[in-house]
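Respectively, the protein sequence lines represent chains A and B. FYI, my numbering numbers position 141 of the first sequence as 141, with every residue one higher than the one before it. Start counting at 1 in the second sequence, then tack on 300, and there's your number in my numbering. We put the beta carbon where it would ideally sit given N, CA and C, even for glycine.
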Amino acid sequence: MSDTREQEFLEYVQGGGQVETHDWMPEEYRKRLIKFVEMHANSELMGVLPERDWILRAPTLQRKLALTAKIQDEVGHAQLIYRVVEDLGKPRDDCLDDLLSGRSKFHNVFHYPTRTWGDVGVIAWLVDAAAIISQKALLKCSYGPYARIMKRICWEESFHVLHGRDVVLALVNGTDLQRELVQEALDRWWVPLMMFHGTPLPAEDDPMLHWRIKSQANEGARQQFLEGYVPQVRELGLTLPDPKLRRREDGTWEYTEPDWDELMSVVSGHGPASAERLAFRRLSRAEVDWVSRVVLAEAA
Amino acid sequence: MPDRIYEVFRMERKGQPLQHAGSFHAPDDRFAEAYAREFYARRHESAALWVVPRSAVTTIEDFGDELDTSYRRVDGYSLKVRLREARRRVAEGG
Chain A
1 MSDTREQEFL EYVQGGGQVE THDWMPEEYR KRLIKFVEMH ANSELMGVLP ERDWILRAPT
61 LQRKLALTAK IQDEVGHAQL IYRVVEDLGK PRDDCLDDLL SGRSKFHNVF HYPTRTWGDV
121 GVIAWLVDAA AIISQKALLK CSYGPYARIM KRICWEESFH VLHGRDVVLA LVNGTDLQRE
181 LVQEALDRWW VPLMMFHGTP LPAEDDPMLH WRIKSQANEG ARQQFLEGYV PQVRELGLTL
241 PDPKLRRRED GTWEYTEPDW DELMSVVSGH GPASAERLAF RRLSRAEVDW VSRVVLAEAA
Chain B
301 MPDRIYEVFR MERKGQPLQH AGSFHAPDDR FAEAYAREFY ARRHESAALW VVPRSAVTTI
361 EDFGDELDTS YRRVDGYSLK VRLREARRRV AEGG
């Protein structure tokens, strides 16, 4: 009986059907959805920390304001996405507890340090471009509330890409030192970027595609990123640190296989900046705790 | 905890319908207004917002049709079949 129901659900979502919060859903679907959406929310929240370090060091007032606005957007995305998780049954405080204790994960790129202003440009341009590709593939997600907020999120991410590309353009049009700065940042970020879309898991083995939570396989997203952005990077006179990188006649990009064990190690909290980032998040949660207590007490 | 959930409906441009935009936590209506402005209109992307405590929303999702009210709907009328029949009758001079 419940198997038939689950089968019908599966056929419904695989056929493009969308599910709402109060609809019946198989436990496995709910569990996978929560885990996936929660990691997305965690990534938005943790993703502001590498950029936050540069607010005070931004080269002009305009850049400082643009960067602050981007950070506000990302925190806003975190709050929108945590709301989706909450309506699926996991309270936000539990999500934050799990994030801080390392029980849940966040995206690989946010486990690395930012060393120069070049990093800010490369992150806003290319990390956000890679993220838009993943997020656009969620516009057709079988879970309606998640798919709908993605529209707004993609719209805001497109500002970030614009901002990042502008930062990179200003640097490449500047002095030799500035060009070296952005090239050095790109060299460091390339491998994390190549890992960003995950292991090239075959579509039929990806449970996220099975339930149509995602609508694009990992490798497809990476190929789309390479196709869209390698030419844009190269036309600026920048180089990419992968001697194997090349576009085949059939349009497929070849590249050096990233070390997938490193990806697993990084996202499970062993990246170069993982501990520092989590410690900072823990500290800020403790530091602002009194604000929520005061606000909630006043409203009571 | 007095913290509650507010639902936001957003009008993108004047003359368009309000559509559900999302939700957030706020301790009271005053905060809810401030949050709604920050979350849904900081780029001037909205012409109007409705901010409603979730508890004020009544959800209705079951629309059964036990009494067959298809006569209220377009799909309750199959003109095609009857029209073909009528045309055939006229053509045959009946």
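Would you mind working out which of A:GLY220, A:VAL48, A:ASN42 sits nearest ALA203 of chain A, comparing C-alpha positions?
A:GLY220
May I ask you to report which of helix, strand or coil DSSP gives ARG30 of chain A?
Helix at ARG30 of chain A.
I'd like to know whether the C-beta of GLY322 of chain B is nearer than 7 Å to at least one C-beta of chain A.
GLY322 of chain B counts as touching chain A.
Roughly how many whole angstroms lie between the Cα atoms of MET208 of chain A and TRP155 of chain A?
Going by the C-alpha atoms only, they are around 24 Å apart.
Taking the alpha-carbon of THR114 of chain A as reference, which of A:GLU254, A:PRO145, A:ALA58, A:CYS141 has the nearest alpha-carbon?
A:ALA58
Is DSSP giving ILE132 of chain A helix, strand or coil here?
helix
For chain B, find out if any of its Cβ atoms is closer than 7 Å to the Cβ of VAL295 of chain A; answer yes or no.
yes
Which residues bound the beta strand (DSSP E) around HIS320 of chain B?
319 to 326
Name the two residues that bound the continuous beta strand (DSSP E) containing HIS290 of chain A.
The amino acid occupying residue 290 of chain A in the given sequence is Trp; His does not appear at that position. Per DSSP, TRP290 of chain A belongs to no beta strand (DSSP E); it is in the alpha helix (DSSP H), 289 to 299.
Helix, strand or coil: which one does DSSP assign to VAL233 of chain A?
VAL233 of chain A falls in the helix class under three-state DSSP.
So that I know if they touch, is there some Cβ in chain A lying closer than 7 Å to that of PHE339 of chain B?
Contacts with chain A at 7 Å (Cβ-Cβ) include PHE339 of chain B.
Which word fits GLY322 of chain B, buried or exposed, when buried means at least 16 other C-beta atoms lie within 10 angstroms of its C-beta?
buried
Please report the Cβ distance between VAL84 of chain A and VAL48 of chain A, rounded to the nearest whole angstrom; I am assuming they are in contact, meaning their Cβ atoms lie under 8 Å.
Not quite, the Cβ-Cβ distance comes to about 19 Å (not below 8 Å), so this is no contact.
Taking DSSP as the reference, what is the three-state secondary structure of MET301 of chain B?
A caution first: MET301 of chain B carries a pLDDT of 48, below 50, which makes its placement in the model unreliable, though a value can still be read off. Residue state, collapsed to three classes: coil.
Which one of A:GLY251, A:LYS64, A:ALA78, A:ASP98 has the shortest CA to CA distance from HIS40 of chain A?
A:ALA78
Over what stretch of residues does the alpha helix (DSSP H) that includes VAL172 of chain A continue unbroken?
Run containing VAL172 of chain A: 144 to 172, per the alpha helix (DSSP H) assignment.
In angstroms with no decimal places, state the Cα-to-Cα distance between ASP3 of chain A and ARG30 of chain A.
16 Å
Given a cut-off of 7 Å on the beta-carbon distance, is the pair GLY164 of chain A and TRP125 of chain A in contact?
Their beta carbons are under 7 Å apart, which means GLY164 of chain A touches TRP125 of chain A by this criterion.
Considering only C-alpha positions, which residue in the set B:ASP362, B:ARG313, B:ALA326 is nearest to ALA341 of chain B?
B:ARG313
Going by C-alpha to C-alpha distance, which of B:ARG382, B:PHE324, B:THR359, B:ASP375 sits closest to ARG304 of chain B?
Nearest of B:ARG382, B:PHE324, B:THR359, B:ASP375 to ARG304 of chain B, Cα basis: B:PHE324.
Using a beta-carbon distance below 7 Å, is PRO353 of chain B in contact with chain D?
Absent here is chain D; the protein component of the structure consists of chains A and B.
Pairing CB atoms from the region 225 to 233 of chain A with CB atoms from the region 285 to 300 of chain A, are three or more of them under 8 Å?
Segments in contact, no.
Hey, quick one: how far does the alpha helix (DSSP H) through LEU126 of chain A stretch, first residue to last?
Taken as a continuous stretch (DSSP letters only), LEU126 of chain A belongs to no alpha helix (DSSP H), as it is neither H nor E.
Listing by chain order, which chain B residues have their CB less than 9 Å from the CB of LEU240 of chain A?
Near LEU240 of chain A there are no residues of chain B at all, since even the closest Cβ is about 33 Å away, more than 9 Å.
Whose C-alpha, out of A:PRO241, A:LEU45, A:THR68, is nearest the C-alpha of ARG188 of chain A?
A:PRO241
Determine the contact status of ALA336 of chain B and VAL351 of chain B, defining contact as a CB-CB distance below 7 Å.
Against a cut-off of 7 Å, the Cβ pair of VAL351 of chain B and ALA336 of chain B comes out as a contact.
Who are the neighbours of LEU33 of chain A on chain B, taking C-beta pairs under 9 Å?
Chain B residues near LEU33 of chain A: none, gap ~17 Å exceeds 9 Å.
Could you name the residues of chain A that ASP303 of chain B contacts, counting a contact when the two beta carbons are closer than 7 Å?
LEU296
How long is the line joining the alpha carbons of SER265 of chain A and SER274 of chain A, rounded to whole angstroms?
SER265 of chain A and SER274 of chain A have their C-alpha atoms spaced approximately 11 Å apart.
Does ALA217 of chain A pass the burial test, meaning 16 or more other C-beta atoms within 10 Å, or should it be called exposed?
With 16 or more other Cβ atoms within 10 Å, it is buried.
If ILE153 of chain A and GLN135 of chain A are in contact, beta carbons under 8 Å, what's the gap, nearest whole angstrom?
6 Å
Is there contact here, the region 379 to 387 of chain B with the region 352 to 368 of chain B, by at least three beta-carbon pairs under 8 Å?
no
Looking only at its chain, what residues have a beta carbon closer than 6 Å to the beta carbon of MET410 of chain B, apart from the 5 residues adjacent to it on each side?
As shown, chain B starts at 301 and ends at 394. That puts residue 410 of chain B outside it, with no answer to give.
Using a C-beta cutoff of 7 Å, does ARG5 of chain A count as contacting chain B?
no
Listing by chain order, which chain B residues have their CB less than 9 Å from the CB of LEU80 of chain A?
GLY322, SER323, PHE324, PHE339
Go ahead and label MET301 of chain B buried or exposed: buried means 16 or more other beta carbons lie within 10 angstroms of its beta carbon, across all protein chains shown.
Interpretation of MET301 of chain B is limited by its pLDDT of 48, a score under 50 that renders its predicted location unreliable; the figure taken from the coordinates is listed afterwards. Its Cβ having fewer than 16 others within 10 Å, MET301 of chain B is exposed.
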